[in-house]
Amino acid sequence: MKPILEAQGLKKHFQTGGGLFAKKGSVRAVDGVSLSITSGETFAIVGESGCGKSTLARLLARLLDPTAGDVIFDGKAVTQARGHALSDLRRDVQFIFQDPFSSLNPRMSVGRLVAEPLEVHAPDLSKQDRRAKVSELLKQVGLQPEHADRYPHEFSGGQRQRIGIARALASGPRLIIGDEPVSALDVSVQAQVVNLLSDLGRDLGLTLILIAHDLAVIRHMSDRVAVMYLGKIVEQGTTDALFDTPRHPYTRALLDAIPDPDDRNRTDRARIEGEMPSPSAPPSGCAFHTRCLFVTDLCRSTAPMPEETPDGHMTACHHWQDIGVTAGRNPPPKRSPATEARLALYRKATEGAKITPVAHHPDREET
Amino acid sequence: MLSYFLRRVAIAIPTILLISIFVFALQKLLPGDPLLVLAGEERDPEVLEFLREKYRLNDPIPVQYITWVGNALQGDLGTSFRTNQPVTELIGQKLPVTIQLAVMSLIFAVLIGIPAGILSAYKKGTLTDYIANIVALSGLSIPNFWLGIMLILLVSVKWQLLPASGYVPLSEDFWLSIKTMLMPAFVLGTALAATLMRHTRSAMLGVLTSDYVRTARAKGLSERKVVLKHAFRNALTPIVTLTALLFGELIAGAVLTEQIFTIPGFGKLVVDAVFNRDYAVVQGIVLVTAVGFIIMNLLADMAYFLLNPRLRSA
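Quick look at the structure:
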């Protein structure tokens with residue numbers, strides 16, 4: 055399949071300080087990302103807050119200009135696009151914003167908000183045709199055509215996000231980039247919007263790029279996933295391969311952080327300690343070495359290059375082969391009898407059994 | 236819409252009443268007897284008594300107030316102690332002059348201030364922004380009287396382009412009237428343009444970084460449309476308020492400019508009335524000004540209503 059969108063060595067560094075008293079510095083929000091997105095697929099980008107995934111999304115949509123690197127849409131470099139070329143790109147690549155409350159102009163009726171891209175990208179459309187198209191778009195996202203005369207403040211968060219989606223669809227895009235499109239919504243509404251997006255993607259043959267930190271959502275609707283850490287992609291591959299056999303220690307930790315209701319007592323989760331280092335002073339070598347369980351001197355000095363694994367995904371870790379698929383799942387630590395007793399107590403309590411007090415052991419150990 | 240409007244008017248009524256009480260009471264507290272001016276040098280007790288009866292100054296103060304309000308409601312604000320002209324007539328003569336001055340100044344202020352504000356917000360941190368700010372600061376700092384005198388010196392005396400002073404009613408000679416008023420309106424307008432520019436700039440700065448402006452860009456709109464249609468319309472609220480308040484201020488604050496350009500306006504009437512202890516005139520003027528302010532505020536509220544769909548459903 056031909057790639058619809060490619061990123062080559064994309065970098066975005068933001069200047070900080072530089073005032074009278076503040077020292078000049080730069081935040082490396084995106085630091086050398088290369089991606090290739092195939093037409094028709096749903097591609098997800100995940101990572102902790104602050105890893106640069108929103109910045110990457112905006113670079114891909116040309117809402118920000120990259121410091122270095124290129125964005126290639128449909129075989130053409132659009133990094134320097136201006137005027138008509140940029141307008142064409144805006145028609146083909148649309149964006150769904152994270153916050154459905156602030157991203158809709160409060161002074162404009164829904165009809166006008168949705169019709170505006172049509173005015174720009176299909177100026178030949180008559181007024182009636184435009185209204186008809188707006189009604190159609192509103193229906194497509196599960197709203198009523200009569201909603202066109204209302205204003206954004208009259209809608210709930212989920213409805214507003216639907217308006218945002220209708221607006222994004224209006225220009226007839228081929229690629230839609232969603233920057234955490236559901237994270238500002240209630241959990242009950244999230245599922246509806248996620249399903250709407252994946253239905254639309256399938257029915258209209260859209261390519262979707264989704265930025266998210268909710269791994270459950272990603273597993274549900276994406277074909278491929280890229281994991282970002284400190285402005286770099288550390289691992290990418292098909293959703294199934296990545297979720298089943300994560301190779302990078304960070305991916306593993308991220309996946310292990312998903313609460314698992316069926317496996318309440320699993321203790322072999324690969325945890326990450328500490329905070330993510332500041333992107334204005336990234337660690338030397340592998341950016342993850344400060345929190346990695348498998349860190350060696352090599353990691354501290356040299357940044358790993360992405361390598362292909364047998365499962366067909368790319369991972370940027372020096373030791374992915376040594377770590378193996380099951381390594382790192384350390385055997386559960388031995389528990390003291392006191393802890394065992396207490397855990398049994400918890401289990402009983404949560405299962406609704408009657409609680410019988412356990413005598414205290416003066417010499418009990420804490421784990 | 237109508238109920239909103241009626242509610243706003245209903246709120247304005249007690250405000251006007253309070254102002255009238257305040258105006259009336261303040262004037263009673265002032266030292267000095269206005270009748271002494273009228274009675275002349277001799278201050279004959281009989282004459283004074285006659286005048287007190289005539290102007291009903293012997294009535295209890297609340298009765299005086301009610302009489303005054305009653306008359307005011309019938310369009311009679313009393314007569315000037317000095318010229319014996321009805322106050323309404325005096326105000327009726329002078330107010331149109333000042334309104335013309337105020338409207339023309341406001342046009343200057345809006346035409347200069349708002350585009351400059353938008354431009355300097357859009358080009359924040361660039362040379363354009365700095366220049367606009369410096370010009371605005373100069374506009375605020377240069378006193379009106381100095382600018383007025385300089386303009387008279389250059390434009391009227393040296394280049395002989397515009398009349399130096401005076402006033403020609405609009406009905407008499409439209410273009411000459413506009414021409415005569417051009418310089419005073421410019422002088423008065425520059426300071427307001429500076430204020431308006433600063434407020435437009437800060438309102439626009441807030442709006443330009445908002446999410447929906449980013450959305451508008453993502454739609455592929457031209458920068459012109461993004462700035463004027465999406466950003467500016469949302470920044471309008473504080474600008475409209477300020478413009479309405481500035482207009483009220485112009486009516487009352489044109490005194491200096493009117494003096495420099497010898498315009499027989501409202502400001503001159505106020506100053507003369509105050510110096511002459513012409514209380515009926517002062518009362519009338521303060522009342523009319525206050526009502527003017529309230530009307531401007533009402534108009535601003537109406538404008539919000541039209542500009543902001545969120546209010547319409549409320």
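In order, the protein sequences belong to chains A and B. Numbering-wise, the working numbering comes out as the position in the first sequence, counting from 1, plus 54. Numbering-wise, the working numbering comes out as the position in the second sequence, counting from 1, plus 235. Ideal Cβ placement from N, Cα and C applies to all residues, glycine included.
Next item on the list: Would you list, in chain order, the members of the region 285-318 of chain B that have their beta-carbon closer than 8 Å to a beta-carbon of chain A?
Entry: Residues: none.
Note to self: Our contact map puts glutamine 335 (chain B) next to leucine 405 (chain B) with C-beta atoms below 8 Å; I'd like the distance itself, whole angstroms only.
What the structure shows: Distance from glutamine 335 (chain B) to leucine 405 (chain B) at the Cβ level is roughly 6 Å; contact confirmed, criterion being Cβ atoms closer than 8 Å.
Next item on the list: Spell out whether any CB of chain A is found under 9 Å from the CB atom of histidine 465 (chain B).
Entry: Output row for histidine 465 (chain B): interface = yes.
Margin query: Can you check which of these residues, A:Gln213, A:Asp257, A:Ile272 and A:Leu260, is closest to valine 247 (chain A) by C-alpha distance?
Written below: Ranked by how close their Cα comes to the Cα of valine 247 (chain A), the residues A:Gln213, A:Asp257, A:Ile272 and A:Leu260 have A:Gln213 in first place.
Item checked: Between the CA atoms of proline 249 (chain B) and proline 473 (chain B) - distance to the nearest angstrom -> Each residue's alpha carbon lies about 25 Å from the other.
Notebook entry, point to check: Quick one, are the C-beta atoms of isoleucine 498 (chain B) and alanine 508 (chain B) less than 9 Å apart?
Noted result: No, they are not a contact pair.
Next item on the list: Could you tell me which residues DSSP puts in a beta bridge with valine 87 (chain A)?
Entry: In DSSP, valine 87 (chain A) forms a bridge with A:Leu64.
Next item on the list: Tell me, please, whether the CB atom of asparagine 532 (chain B) is closer than 9 Å to any CB atom in chain A?
Entry: It does not; no Cβ of chain A falls within 9 Å.
Checklist line | Environment of alanine 535 (chain B) [buried if 16+ CB atoms lie within 10 Å] | finding: It is buried - the Cβ of alanine 535 (chain B) has at least 16 other Cβ atoms within 10 Å.
Next item on the list: Using a Cβ cut-off of 8 Å, pull out every chain B residue sitting near arginine 145 (chain A), in sequence order please.
Entry: Chain order gives the chain B residues near arginine 145 (chain A) as Gly455, where near means a beta carbon separation below 8 Å.
Next item on the list: In angstroms with no decimal places, state the Cα-to-Cα distance between arginine 545 (chain B) and threonine 318 (chain B).
Entry: Arginine 545 (chain B) and threonine 318 (chain B) have their C-alpha atoms spaced approximately 52 Å apart.
Notebook entry, point to check: Would you report the Cα separation of valine 100 (chain A) and alanine 357 (chain A), rounded to the nearest angstrom?
Noted result: Straight-line Cα distance between these residues: approximately 21 Å.
Note to self: Would the region 145-155 of chain A count as touching the region 435-455 of chain B if we require 3 or more Cβ pairs under 8 Å?
What the structure shows: Taking 8 Å as the limit for Cβ pairs, the verdict is that the region 435-455 of chain B does touch the region 145-155 of chain A.
Checklist line | Contact set between threonine 361 (chain B) and chain A, taken where Cβ atoms lie within less than 8 Å | finding: Near threonine 361 (chain B) there are no residues of chain A at all, since even the closest Cβ is about 16 Å away, more than 8 Å.
Next item on the list: Assuming isoleucine 377 (chain A) contacts phenylalanine 348 (chain A) (C-beta within less than 8 Å), just tell me the rounded distance between them.
Entry: At roughly 6 Å, the Cβ-Cβ gap stays under 8 Å, so isoleucine 377 (chain A) and phenylalanine 348 (chain A) are in contact.
Note to self: Taking 8 Å as the limit between beta carbons, can you name the residues of its chain near aspartate 203 (chain A), skipping five residues before and five after?
What the structure shows: If you ignore the 5 residues before and after aspartate 203 (chain A), its C-beta comes within less than 8 Å of the C-beta of Ser163, Val164 and Gly165, all in its own chain and listed in chain order.
Next item on the list: Determine, using beta carbons only, whether asparagine 368 (chain B) comes closer than 9 Å to chain A.
Entry: So no, asparagine 368 (chain B) is outside the interface.
Next item on the list: With 9 Å as the threshold, decide whether the Cβ of serine 29 (chain A) is near any Cβ in chain B.
Entry: In this structure chain A extends from 55 to 421, so residue 29 (chain A) is not present and cannot be described.
Checklist line | Span of the alpha helix (DSSP H) around serine 283 (chain A) | finding: Strictly speaking, residue 283 (chain A) in this sequence is tyrosine, with serine absent from that position. First-last for tyrosine 283 (chain A): 278-283, but that is the beta strand (DSSP E), not the alpha helix (DSSP H).
Notebook entry, point to check: Under 9 Å between C-beta atoms, does glycine 218 (chain A) make it to chain B?
Noted result: Chain B has a Cβ within less than 9 Å of the Cβ of glycine 218 (chain A).
Margin query: So, does the region 239-246 of chain A touch the region 219-227 of chain A, judging by three or more C-beta pairs under 8 Å?
Written below: Flag = no, the region 239-246 of chain A and the region 219-227 of chain A do not touch.
Margin query: Comparing C-alpha positions only, which one of A:Gly196, A:Leu254 and A:Ser332 sits nearest to leucine 284 (chain A)?
Written below: Minimum Cα distance to leucine 284 (chain A) is reached at A:Ser332.
Next item on the list: Could you pull the start and end residues of the alpha helix (DSSP H) that aspartate 364 (chain B) belongs to?
Entry: Start and end: 362-376.
Item checked: Alpha carbon of phenylalanine 127 (chain A) to alpha carbon of aspartate 277 (chain A), nearest angstrom -> Computed Cα separation, rounded: 20 Å.
Check: Applying a beta-carbon distance threshold of less than 7 Å, which residues of chain B neighbour valine 174 (chain A)?
Finding: Result: Lys454, Gly455 and Leu456.
Check: Can the beta-carbon of tyrosine 357 (chain B) be found closer than 9 Å to that of valine 475 (chain B)?
Finding: Between tyrosine 357 (chain B) and valine 475 (chain B), the C-beta spacing is not below 9 Å.
Next item on the list: State the Cα-Cα distance for the pair leucine 283 (chain B) and tryptophan 381 (chain B), rounded to the nearest angstrom.
Entry: Taking C-alpha positions only, leucine 283 (chain B) is separated from tryptophan 381 (chain B) by approximately 45 Å.
Note to self: Which residues does DSSP list as the beta-bridge partners of arginine 82 (chain A)?
What the structure shows: DSSP lists A:His67 as partners of arginine 82 (chain A).
Next item on the list: Closer than 8 Å by C-beta to serine 108 (chain A): which residues in its own chain qualify, once you throw out the five before and the five after it? Chain order, please.
Entry: Gln152, Asp233, Glu234 and Ile265, listed in sequence order.
Note to self: Between serine 189 (chain A) and proline 199 (chain A), how many whole angstroms is the CB-CB distance? I'm expecting something under 8 Å.
What the structure shows: With a Cβ gap of about 4 Å, serine 189 (chain A) and proline 199 (chain A) count as contacting.
Check: Are the region 256-265 of chain A and the region 60-68 of chain A touching, with three or more C-beta to C-beta distances below 8 Å?
Finding: Contact fails between the region 256-265 of chain A and the region 60-68 of chain A, because fewer than three Cβ pairs, one in each stretch, are under 8 Å apart.
Notebook entry, point to check: Pick from A:His67, A:Ala98, A:Ile91 and A:Gly137: whose alpha carbon is nearest that of aspartate 119 (chain A)?
Noted result: Nearest C-alpha to aspartate 119 (chain A): A:His67.
Margin query: Can you look up proline 321 (chain B) in the DSSP assignment and give me helix, strand or coil?
Written below: Here proline 321 (chain B) sits in strand by DSSP.
Next item on the list: Would you mind stating whether proline 223 (chain A) and glutamine 194 (chain A) have Cβ atoms separated by less than 9 Å?
Entry: The sequence given here places leucine at residue 223 (chain A); proline does not occur at that position. Yes, these two residues count as a Cβ contact at 9 Å.
Check: Can at least three beta-carbon pairs, one atom from the region 387-396 of chain B and one from the region 337-352 of chain B, be found at a separation below 8 Å?
Finding: Counting Cβ pairs under 8 Å, fewer than three are found: no touch.
Notebook entry, point to check: Can you give the Cα-Cα distance for lysine 359 (chain B) and leucine 471 (chain B), rounded to whole angstroms?
Noted result: Each residue's Cα considered, the two are about 19 Å apart.
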